[in-house]
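Asker: Mind having a look at this structure? Questions to follow.
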Amino acid sequence: MEDASLRVEAIEKRFGSVPALNGVTMDAGPGITGLLGPNGAGKTTLLRMLATVLAPDSGTLQLLGLDPTRSAERVEIRRRLGYMPQEPGFYRSFTAFEFVDYVAILKEMTDRDERHREVRRVLDAVGLGDVSTRKVRALSGGMRQRLALAQALLRDPDLLVLDEPTAGLDPEQRLRFREIVSQLPHRPVVILSTHQTEDVTALCERVVVLAEGAIRFDGTPVELARTAEDRVWIREDRDDRAVLSWRMGDGRYRHIGDPPPGAALSPATIDDAYLLMVGGTADREGVAA
Amino acid sequence: MGIDDERKLEPSDEELLRGIGDGHTGALRALYDRHAPWVLLRLSRRCSDPQLVEEVVQDTFVGVWKGARRYRGQGPVAAWVWGIAIRRLVDRLRGRARLPQLLRERGAEPSAEDLVLLGVEYGDLAGAINGLSPELRAVLQATVLDGLSMREAGQLLGIPTGTVKSRLMRARRELREALA
Amino acid sequence: MSWHADTDLFDRYARGQVDAATAASLESHLVACAHCRARTSRMVEAEPLERIWTEVRADVERPQLALLERLLSAAGLPEHTARLVAVTPALRAPWLLAVAVALGFAVLAAHGGGGGPLAFLILAPLVPVGGVALAYRNSADPAYEIALASPGGGFRLVMLRAGAVALASIAIVGVATVLLPDVGWTAVGWLLPCLALSMLTLAGSTASASPVTVASVLAGAWVLGVLVAERVAEQQYLAFGAGAQVLFGALAVGAAVVLVLRRDRFELRTRI
Chain A
2 MEDASLRVEA IEKRFGSVPA LNGVTMDAGP GITGLLGPNG AGKTTLLRML
52 ATVLAPDSGT LQLLGLDPTR SAERVEIRRR LGYMPQEPGF YRSFTAFEFV
102 DYVAILKEMT DRDERHREVR RVLDAVGLGD VSTRKVRALS GGMRQRLALA
152 QALLRDPDLL VLDEPTAGLD PEQRLRFREI VSQLPHRPVV ILSTHQTEDV
202 TALCERVVVL AEGAIRFDGT PVELARTAED RVWIREDRDD RAVLSWRMGD
252 GRYRHIGDPP PGAALSPATI DDAYLLMVGG TADREGVAA
Chain B
753 MGIDDERKLE PSDEELLRGI GDGHTGALRA LYDRHAPWVL LRLSRRCSDP
803 QLVEEVVQDT FVGVWKGARR YRGQGPVAAW VWGIAIRRLV DRLRGRARLP
853 QLLRERGAEP SAEDLVLLGV EYGDLAGAIN GLSPELRAVL QATVLDGLSM
903 REAGQLLGIP TGTVKSRLMR ARRELREALA
Chain C
1310 MSWHADTDLF DRYARGQVDA ATAASLESHL VACAHCRART SRMVEAEPLE
1360 RIWTEVRADV ERPQLALLER LLSAAGLPEH TARLVAVTPA LRAPWLLAVA
1410 VALGFAVLAA HGGGGGPLAF LILAPLVPVG GVALAYRNSA DPAYEIALAS
1460 PGGGFRLVML RAGAVALASI AIVGVATVLL PDVGWTAVGW LLPCLALSML
1510 TLAGSTASAS PVTVASVLAG AWVLGVLVAE RVAEQQYLAF GAGAQVLFGA
1560 LAVGAAVVLV LRRDRFELRT RI
């Protein structure tokens, strides 16, 4: 039985004098793992390493049981890998079909008919089957994002690395994306990064919180929420003793931190836990009210 | 009442063509579902080779895809599609040494009910048409019904243009005589 | 639409059992009536229609082959490799045009000016250097991250593209050589420097991330070196003489060795 997992140990990376990753250790198996963290936390750096594109300064990586620093094993990983980068670039004069076809060639699909069938399959899977002959420059932003996802799905990868796949999508598009990812044919190892906690709630079996190059949490979404248990309270007005507070839809204020005695506690959500964990560095836009 | 209401919810053929012009393969599929069947049937009555008929249907809808922008509302879309189809058939048959492909009229004589159902004063005309020889009927069908030029009709039927012209004249003369 | 034929009549039509006149009438009606068309659809078997549709869709979606791809395929290159090469930015019209113009001037200079073919000989090796640098610098390939993460990207892709550009450049320069005035074997004295500089560009970019930087440095050194040699030495075209040719040959081989030894740098980045 082939190893269907990934293992990351004591990964360090710095760019110049700036440390990007600081001793990151985690592992993941089949199923969807969310990498949650604010901008600049090091998510993209870590994902690039998982996608065998970037080498760490020190530490070890084991992807699908193979070592990406050895060239033969790296090629093998890449045969079973699908990667959606944060800012995918396209040849703008290509049609959607031609772009995915190009990537399919890079993935060593040399038989043209078989390759075209596979291209059609992934385009249909992301709902772009009807616009496959449109040029990329004529596609909307949401469609381009789906196109980037489509190429990652070629050849049914065992390891799927998605960097901010839901960024810039409206709620309906995000819903469609979640459907696609949760309905993949066999259970690959899926790592996706996001700073939207709803993605985690809706999709992920496991969540890893990354902030300032270090892992703050590694467990299930329920466990994450639990870390903020008894640390969330509501009041009519702002309480300065809170670590963070914000106005809710009904005009009252929600607070996280150490509640004063007698405070009206509220059940903790993943949002609360995440914010408590990353404090002032969190990207507030991603938090649902 | 009911049928027309349902139709209003679906896009028109013209709207589908516009979608096709924009590169929407879903629109092509929809148009295909609507028109491929009858085109297939009509072509089968002009060509007895089923394999060839299928290829022509294929050529037709690829032609629809490529030429969608050229449709300028000149008549119903169905007629435009048929124009493409019949010319693709001509293309395929051109230069093929063969006996006239169109035939297959293992048809009975029209019954009285049929003639009545056909409405109109078709009675005499139908009989007159059916009374023509197959070659004359063929040129009539190709030029009048299918809208081909005399040269195209010649290519379709595998005869020289001059023969088309003379047969057409003979057909008209015979019809006139039969109806007189 | 006041008249719709009954189903029985269409049935018989579909089975080819009506006479010519009736068929003609029905066919005319079908062109105008969507309702009856829908009914007729049900009489045709689904299987051939599905099959034909699959072919139509494949036909319509099939990528158009650019002229270059067709040429390469005709030359025997497998279709998928031709596609990878054809996407190379440096093989696009603007670059090729710029090269043609530059060479045109150099040829004119050789005919007219007192410097002989020197301008041409200096320029010729820079053509592939520029092309190679353009061919695989990251910003040239918008999908480079995806390419890097795939088994067919990386070193093999770079070499394929660089090789194609180098060949194309050499071919163009070769053609331009024919237009030069008669200067003997010096006319091909640019070939080995060409190879050496191209190899050095590739090898150099295993050290630095930017092929454009490497190419610029090499181009500068080359031009300077040749001009200095002309000024200083007694022999004309020293930079293209027998001794120099041997030197360039050795450089080309050496750079190739370095390139192969350090090819992992194209496979895995330490910084992006």
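Respectively, the protein sequence lines represent chains A, B and C. Numbered per the working numbering, the first sequence spans residues 2 to 290. Numbered per the working numbering, the second sequence spans residues 753 to 932. Numbered per the working numbering, the third sequence spans residues 1310 to 1581. Glycine included, each C-beta is placed from N, C-alpha and C at the ideal position. Owing to the predicted nature of the structure, the values given are computational and were not obtained by experimental measurement.
1. Determine whether the Cβ of P189 (chain A) lies closer than 7 Å to any Cβ atom of chain C.
2. Under a CB-based cut-off of 7 Å, is P1520 (chain C) close to chain A?
3. Could you tell me whether the Cβ of D866 (chain B) comes closer than 7 Å to any Cβ of chain C?
4. Quick one: is H196 (chain A) buried, meaning 16 or more other Cβ sit within 10 Å of its Cβ, or exposed?
5. Which residue or residues does DSSP assign as beta-bridge partners of D100 (chain A)?
6. Three-state secondary structure (DSSP) at W234 (chain A)?
7. Decide if the stretch 247-262 of chain A is in contact with the stretch 227-234 of chain A; the criterion is three or more beta carbon pairs, one per stretch, under 8 Å apart.
8. According to DSSP, is H1420 (chain C) helix, strand or coil?
9. Against chain B, which members of the stretch 111-133 of chain A pass a CB distance test of less than 9 Å?
10. Please classify D785 (chain B): is it buried, with 16 or more other beta-carbons within 10 angstroms of its beta-carbon, or exposed?
11. Starting from T1390 (chain C) and walking both ways along the alpha helix (DSSP H), at which residues does that stretch end?
12. For chain B, check one thing: does any of its Cβ atoms lie closer than 7 Å to the Cβ of R135 (chain A)?
13. What is the rounded straight-line gap between the Cα of P1357 (chain C) and the Cα of F95 (chain A)?
14. For a contact defined as C-beta to C-beta under 7 Å, what are the partners of H776 (chain B) on chain A?
15. Does K108 (chain A) come within less than 7 Å of chain C when only Cβ atoms are used?
16. For R80 (chain A) and T53 (chain A), which I take to be in contact (beta-carbon distance under 8 Å), what is that distance rounded to the nearest angstrom?
17. Any contact of the stretch 765-780 of chain B with the stretch 799-807 of chain B, i.e. 3+ C-beta pairs under 8 Å?
18. Could you check the C-alpha separation between L266 (chain A) and Y254 (chain A) for me, to the nearest Å?
19. Quick one: Cα of I1581 (chain C) to Cα of G1461 (chain C), how far?
20. Quick one: is D90 (chain A) near chain C, going by C-beta distance under 7 Å?
21. Does any heavy atom of the ligand SAH sit closer than 6 Å to the C-beta of S6 (chain A)?
22. Among A:S6, A:E13, A:G43 and A:A168, which has the Cα closest to the Cα of T1 (chain A)?
23. Would you list, in chain order, the members of the stretch 1434-1467 of chain C that have their beta-carbon closer than 7 Å to a beta-carbon of chain A?
24. Quick one: is W1362 (chain C) near chain B, going by C-beta distance under 7 Å?
25. Might you give, ordered along the chain, the residues of its own chain that have their beta carbon closer than 7 Å to the beta carbon of V872 (chain B), omitting 5 neighbours on each side?
26. Can you grab the Cα-Cα spacing for the pair G827 (chain B) / R1346 (chain C), in whole Å?
27. Could you check the C-alpha separation between T1390 (chain C) and A1548 (chain C) for me, to the nearest Å?
28. What in chain A is Cβ-close to R1348 (chain C), meaning under 7 Å?
29. Since A56 (chain A) meets chain F, which of its residues come closer than 8 Å, beta carbon to beta carbon?
30. Given this structure, state the Cα-to-Cα distance separating I216 (chain A) from R1572 (chain C), to the nearest angstrom.
31. Grab the span of the beta strand (DSSP E) containing Q63 (chain A) for me, first residue to last.
32. Indicate the three-state DSSP secondary structure (helix, strand or coil) for H256 (chain A) in the structure shown.
33. Measuring only between beta-carbons, confirm whether L1358 (chain C) sits less than 7 Å from chain B.
34. Look at the alpha carbon of A1551 (chain C) and the alpha carbon of A1538 (chain C), and state the distance between them as a whole number of angstroms.
35. Please check if any C-beta of chain A sits within less than 7 Å of the C-beta of P1403 (chain C).
36. Measuring alpha carbon to alpha carbon, tell me which of A:V190, A:L155, A:P186 and A:G142 ends up nearest D171 (chain A).
Answerer: By the coordinates alone:
1. When Cβ-Cβ separations below 7 Å define contact, P189 (chain A) makes no contact with chain C.
2. Contact of P1520 (chain C) with chain A is not assigned, every C-beta pair being separated by 7 Å or more.
3. For D866 (chain B), the pLDDT reaches just 44, beneath the cut-off of 50, and the residue's location in the model is therefore unreliable, although a value from the coordinates is still provided. Contact of D866 (chain B) with chain C is assigned, a C-beta pair being separated by under 7 Å.
4. By the C-beta density criterion, H196 (chain A) is buried, having at least 16 other C-beta atoms within 10 angstroms.
5. Checking the sequence shown, residue 100 (chain A) turns out to be Phe, not Asp. Answer is none; F100 (chain A) lacks a bridge partner.
6. DSSP places W234 (chain A) in strand when its eight states are reduced to three.
7. A contact exists between the stretch 247-262 of chain A and the stretch 227-234 of chain A.
8. Here H1420 (chain C) sits in helix by DSSP.
9. Of all residues in the stretch 111-133 of chain A, G130, D131, V132 and S133 have a Cβ within less than 9 Å of some Cβ in chain B.
10. With fewer than 16 Cβ atoms within 10 Å of its Cβ, D785 (chain B) is classed as exposed.
11. T1390 (chain C) -> alpha helix (DSSP H) spans E1388 to A1395.
12. Judged by the 7 Å Cβ criterion, R135 (chain A) is in contact with chain B.
13. Taking the straight line from one Cα to the other gives about 32 Å.
14. In chain order: D131 and V132.
15. It does: the Cβ of K108 (chain A) has a partner Cβ on chain C nearer than 7 Å.
16. The Cβ separation is near 11 Å, so there is no contact.
17. Verdict: no, contact absent.
18. For L266 (chain A) and Y254 (chain A), the gap between their C-alpha atoms comes out near 12 Å.
19. Going from the Cα of I1581 (chain C) to the Cα of G1461 (chain C) covers about 19 Å.
20. Sequence inspection shows Gly at residue 90 (chain A); the Asp mentioned does not correspond to that position. It does: the Cβ of G90 (chain A) has a partner Cβ on chain C nearer than 7 Å.
21. The model depicted lacks the ligand SAH and carries no ligand whatsoever.
22. Shown here, chain A extends from 2 to 290; a query on residue 1 (chain A) therefore has no answer.
23. Within the stretch 1434-1467 of chain C, those residues whose Cβ lies closer than 7 Å to any Cβ of chain A are, in chain order, P1451, A1452, E1454, I1455, A1456, L1457, A1458, S1459, P1460, G1461 and G1462.
24. Closer than 7 Å to some Cβ of chain B, the Cβ of W1362 (chain C) qualifies, so yes.
25. For V872 (chain B), the pLDDT reaches just 41, beneath the cut-off of 50, and the residue's location in the model is therefore unreliable, although a value from the coordinates is still provided. The beta carbon of V872 (chain B) lies closer than 7 Å to none in the same chain, with the five residues before and after it left out.
26. So the alpha carbons of these two residues sit roughly 16 Å apart.
27. Going by the C-alpha atoms only, they are around 37 Å apart.
28. For R1348 (chain C), there are no C-beta contacts with chain A under 7 Å, since the nearest C-beta of that chain is about 27 Å from it.
29. Chain labels in this structure do not include chain F; the protein chains are A, B and C.
30. About 34 Å.
31. Following the DSSP letters along the chain, one finds Q63 (chain A) inside the beta strand (DSSP E) bounded by residues S59 to L64.
32. The DSSP-derived three-state label of H256 (chain A) is strand.
33. True, the Cβ-Cβ gap to chain B drops below 7 Å.
34. If I take the Cα positions, the gap works out to 14 Å.
35. Taking Cβ atoms only, chain A never reaches closer than 7 Å to P1403 (chain C), which makes this a no.
36. When only C-alpha atoms are compared, the closest one is A:G142.
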